[in-house]
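> Quick note on numbering: the sequence shown equals residues 22 to 155 in the working numbering. Backbone N, C-alpha and C fix where the C-beta goes; we use that ideal spot for every residue, glycine too. After the structure tokens below, expect a handful of questions from me.
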Amino acid sequence: MAMQWNENLAVGVDVIDNQHKGIISRINNLLNAMSQGKGKDEVGKVLTFLADYVVKHFSAEEGLMKKHNFDGYAEQQAEHAKFIKDFSLLKNEFETRGVTSTLVLQTQRQLCDWLTNHITSKDKQIGAFIKKCA
Ligand SMILES: [Fe+2]
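Here is the structure:
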């Protein structure tokens, strides 16, 4: 089932929300490919795209947090670092062992779960904080 961006995932900062939508659309490309039995063709594209995109996205978020002296910065940065570490393990597996069904499933689950949890539990606090302090 495709991931839907909805108001529950809205951080309230356009640049961040648009980047989240960009990540979700890549996850959906993978989900769609998987439902057509083509997940193995898509997983490499998703991993390659996200490796760069996520670094840019995290630095945009971290820049915004610094600019507003957001008090949850360290916690956010720790979650971002953990994501990058877990993501590199996936990418490494892809590069060394090639594409397997397990890798496809694991990539989809890891991305979907992490993003939903991280946005709802952490990123939304940034938007709320900025609004409160504006
Ligand atoms: Fe974040």
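Straight-line CA distance for isoleucine 44 to aspartate 134?
One C-alpha to the other measures close to 13 angstroms.
> Do you know how far the Cα of lysine 106 is from the Cα of lysine 61?
Approximately 22 angstroms between the Cα atoms of the pair.
> Which whole runs of the beta strand (DSSP E) in the region 69 to 138 are 3 residues long or more, in chain order?
With a minimum length of 3 residues, no continuous beta strand (DSSP E) run stays inside the region 69 to 138.
> Quick check on lysine 59: does DSSP put it in helix, strand or coil?
In this structure, lysine 59 counts as coil in the three-state DSSP scheme.
> What did DSSP end up calling asparagine 27 once you bin it into helix, strand or coil?
In this structure, asparagine 27 counts as coil in the three-state DSSP scheme.
> For tyrosine 101, which residues of its own chain have a beta-carbon under 8 angstroms away from its beta-carbon, when the five flanking residues on both sides are left out?
Note on residue identity: the sequence assigns histidine, not tyrosine, to residue 101. Closer than 8 angstroms at Cβ, skipping near neighbours: Phe79, Glu82 and Glu83.
> What distance in whole Å lies between the Cβ atoms of methionine 24 and asparagine 50, which are believed to be in contact at a cut-off of 8 angstroms?
At roughly 11 angstroms, the Cβ-Cβ gap does not stay under 8 angstroms, so asparagine 50 and methionine 24 are not in contact.
> Report the CB separation of alanine 72 from lysine 112 in whole angstroms; it is logged as a contact under 8 angstroms.
Right, their Cβ atoms sit about 6 angstroms apart.
> Could you tell me if glutamate 63 is buried or exposed, where buried requires 16 or more neighbouring beta carbons within 10 angstroms of its beta carbon?
Result: buried.
> So what does DSSP say about glycine 65, is it helix, strand or coil?
Here glycine 65 sits in helix by DSSP.
> How about methionine 22 and valine 125: are their beta carbons less than 9 angstroms apart?
Cβ distance not < 9 angstroms, so methionine 22 and valine 125 don't count as in contact.
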